[in-house]
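Residue numbers (this note's numbering): 219 to 694.
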């Protein structure tokens with residue numbers, strides 16, 4: 219009888235926090251600067267330099283903890299994690315082991331069997347390391363310390379996930395909560411959210427955990443899914459062959475679709491942790507915790523419920539609009555200006571989502587203002603522009619946030635309401651297309667579509683298609 223296997227997965231998710239400066243110094247955290255431009259004696263580990271905690275890091279970490287139903291550790295402290303690597307200039311990392319800021323939380327996901335709670339073992343604060351750039355042309359490795367000292371939280375789950383689908387649902391829920399908080403942009407492509415996957419397999423029904431492997435720094439949902447499926451198959455093949463799975467850290471190569479061993483898996487004692495001597499313990503007061511709790515935003519579930527009552531939108535619209543806090547705010551602000559929530563929703567769900575997909579952008583990157591979207595809706599309602607011109611204007615607005623009223627005026631895109639001019643153009647179109655006229659008069663209704671198109675072309679798009687259609691029928 220063929221054995222059935224169960225996959226057991228836990229994640230360590232690293233999230234770069236959205237502070238303007240690093241965790242222990244005043245250097246900028248901005249992404250994309252020249253290598254080593256955002257560095258100082260503290261974040262490059264110079265002897266004699268001392269760290270000073272960025273208060274905003276503590277507040278963001280506690281806010282994420284509250285949003286994920288964690289207990290907040292009221293007396294927390296930092297520890298020193300010792301390891302030697304070229305991207306780690308101090309030869310240690312300031313992290314938290316013994317008293318992490320958050321513990322014993324959970325998030326709820328939609329799984330195959332319905333609602334499922336994924337436990338969060340802990341969330342701790344730490345500093346990021348630098349970045350190694352391997353130059354194959356020069357056959358050397360360069361190091362950029364701009365990322366060194368960027369504040370991170372590490373969210374360590376319990377081994378509660380059983381499939382790649384559950385892992386992605388968990389990551390999407392985490393990303394949405396953190397983006398709603400404004401604690402991070404969670405852009406996987408920029409490395410501000412990355413996951414280490416701890417995976418083991420065991421015979422179905424067994425209560426004993428198998429030997430786990432860890433796959434490091436996966437930064438796309440596709441790579442995470444592929445890595446889970448690939449590692450699951452590799453471990454099952456080993457067990458079926460009567461071999462043992464080795465506890466180790468592996469690197470997933472998404473191009474080749476396979477993983478390879480990097481090093482044996484370290485345990486806490488390998489890092490020789492001890493309390494960080496240069497930072498004092500932190501006491502989180504009742505007042506501070508109350509202030510952080512009061513500052514929590516309206517999260518997605520509450521927002522969805524309010525949208526049903528306040529705007530009367532279909533669930534499909536609500537589901538899309540609330541996936542991003544920025545999109546939701548844009549919807550609310552535009553609706554407040556123009557008073558037409560369904561029309562605002564249509565522009566965001568259709569044209570906006572289409573352009574985001576085409577340009578491979580996140581909803582958080584939308585730059586047009588609610589005022590300009592409201593103006594565009596007003597122009598179309600007043601029939602000052604037709605729907606095809608409105609879409610053309612929207613595409614420019616999406617990229618450059620232009621004022622649609624000014625743009626329409628400057629480009630001469632206003633709909634022509636001169637009935638005499640329209641009649642003259644339609645008569646010319648009728649005269650130039652006798653076959654289509656004949657087809658229409660012989661009962662081929664579709665022929666009028668061609669004549670409408672020819673009229674719109676002659677009017678350079680500056681006519682109301684409904685008015686063109688009506689006048690064509692009248693003249694025919």
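Backbone N, C-alpha and C define an ideal beta-carbon position, used for all residues, glycine too.
For clarity, every value in this text was computed on a predicted model and none was experimentally measured.
For residue j and residue i, believed in contact at Cβ under 8 Å, the rounded distance
i: residue 415; j: residue 453; result: Incorrect: roughly 12 Å between the Cβ atoms, too far for contact.
i: residue 241; j: residue 345; result: 5 Å
i: residue 294; j: residue 315; result: About 11 Å; that fails the 8 Å criterion.
i: residue 552; j: residue 592; result: 5 Å
i: residue 368; j: residue 234; result: 6 Å
i: residue 366; j: residue 261; result: 5 Å
Buried or exposed (CB count within 10 angstroms, at least 16 for buried), residue i
i: residue 355; result: exposed
i: residue 313; result: buried
i: residue 561; result: buried
i: residue 586; result: buried
i: residue 297; result: buried
i: residue 225; result: buried
i: residue 397; result: buried
i: residue 286; result: buried
i: residue 270; result: exposed
i: residue 219; result: Only weak support exists for where residue 219 lies, its pLDDT of 46 falling under 50; the coordinates are left without a value.
i: residue 464; result: exposed
i: residue 607; result: buried
i: residue 310; result: buried
i: residue 501; result: exposed
i: residue 281; result: buried
i: residue 674; result: buried
i: residue 395; result: buried
i: residue 264; result: exposed
i: residue 482; result: exposed
i: residue 494; result: buried
i: residue 256; result: buried
i: residue 268; result: exposed
Identity of the residue in the options nearest residue i by Cα
i: residue 231; options: 342, 349 and 603; result: 342
i: residue 533; options: 518, 544 and 547; result: 518
i: residue 487; options: 269, 246 and 301; result: 301
i: residue 324; options: 247, 391, 347 and 275; result: 391
i: residue 511; options: 283, 360 and 339; result: 283
i: residue 584; options: 503, 257, 608 and 548; result: 548
i: residue 228; options: 272, 660 and 382; result: 382
i: residue 380; options: 450, 368, 347 and 436; result: 450
i: residue 387; options: 370, 335, 262 and 351; result: 335
i: residue 424; options: 222, 627 and 251; result: 222
i: residue 618; options: 645, 590 and 602; result: 590
i: residue 279; options: 351, 400 and 248; result: 400
i: residue 538; options: 626, 565, 610 and 528; result: 565
i: residue 254; options: 351, 236 and 275; result: 351
i: residue 306; options: 556, 348 and 333; result: 348
Residues that DSSP places opposite residue i in a beta bridge
i: residue 231; result: 373 and 413
i: residue 358; result: 353
i: residue 313; result: 297
i: residue 501; result: 293
i: residue 482; result: 466
i: residue 324; result: 337
i: residue 492; result: 298
>> Ignoring anything shorter than 4 residues, give me the alpha helix (DSSP H) runs that lie fully in the region 382-443, in order along the chain.
In response: 382-399
>> For a minimum of 3 consecutive residues, which ranges assigned as the beta strand (DSSP E) are wholly contained in the region 524-550?
In response: none
> Can you list, in chain order, the stretches of the beta strand (DSSP E) that have 3 or more residues and sit fully within the region 241-288?
Replying inline: none
>> Going residue by residue through the region 567-623, where are the continuous alpha helix (DSSP H) segments of at least 4 residues, counting only ones entirely within it?
In response: 571-576, 588-599 and 605-618
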